[in-house]
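In our numbering, the protein residues as written are 356 to 476.
Built from N, CA and C at the ideal position, the CB exists for glycine as well.
Heads up, the thing below is written out as structure tokens.
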């Protein structure tokens with residue numbers, strides 16, 4: 356078992372949802388942003404903006420291809436609804452992370468690693 360799998364398993368045992376133990380939340384953020392800590396320990400503000408941006412672009416693109424392309428004159432409404440969707444999904448992720456952090460005791464990544472790895476070695 357490598358270090359990443361050990362960290363994920365340990366966080367799941369502590370009550371953190373499995374998808375919040377990953378280092379990136381979706382396939383695009385995996386390629387655009389390289390993270391060295393699980394979602395639970397990442398900056399909430401950066402996560403919100405990153406997720407809002409990525410999900411707005413994905414949702415807006417898919418909706419344009421499937422539904423919106425016949426009426427391009429409503430592009431302002433389409434852009435605003437895409438941004439609203441991204442913000443709602445980003446806020447949902449941040450909310451879930453806040454709840455998971457409370458289960459861990461609101462510790463930072465460095466504190467958590469020091470507490471859990473120093474006792475192992």
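Who are the near neighbours of residue i in its chain, counting only those whose CB is closer than 7 Å to its CB and skipping five residues on each side?
i: residue 397; result: 390
Tell me the residue span of the alpha helix (DSSP H) that contains residue i.
i: residue 451; result: 430-459
i: residue 378; result: First-last for residue 378: undefined, no H or E at that position.
i: residue 361; result: 358-368
i: residue 396; result: From DSSP, residue 396 is part of no alpha helix (DSSP H); its letter is neither H nor E.
Between the Cα of residue i and the Cα atoms of the options, which residue gives the shortest distance?
i: residue 380; options: 357, 457, 408, 358; result: 408
i: residue 405; options: 443, 395, 366, 384; result: 384
i: residue 413; options: 367, 451, 433, 360; result: 433
i: residue 418; options: 464, 438, 401; result: 438
i: residue 374; options: 421, 465, 452, 469; result: 452
i: residue 399; options: 422, 450, 470, 420; result: 450
i: residue 464; options: 440, 429, 393; result: 393
i: residue 401; options: 470, 448, 365; result: 448
i: residue 410; options: 429, 382, 425; result: 382
i: residue 429; options: 415, 442, 441; result: 415
With 8 Å set as the bound, which would you pick, yes or no: does the beta-carbon of residue i sit closer than that to a beta-carbon of chain B?
i: residue 417; result: Note that chain B does not occur in the displayed structure, where there is just one protein chain.
Around the Cβ of residue i, are there at least 16 other Cβ atoms within 10 angstroms (buried) or fewer (exposed)?
i: residue 467; result: buried
i: residue 403; result: buried
i: residue 395; result: buried
i: residue 371; result: buried
i: residue 445; result: buried
i: residue 362; result: buried
Can you list, in chain order, the residues of its chain whose CB lies under 8 Å from that of residue i, leaving out five sequence neighbours each side?
i: residue 458; result: 369, 370, 371
i: residue 420; result: none
i: residue 309; result: Here the chain has residues from 356 to 476 only, and residue 309 is not among them.
Taking 7 Å as the line, does the beta carbon of residue i fall inside it for any heavy atom of the ligand ADP?
i: residue 415; result: With respect to the ligand ADP, the structure shown offers nothing to examine, as it has no ligands at all.
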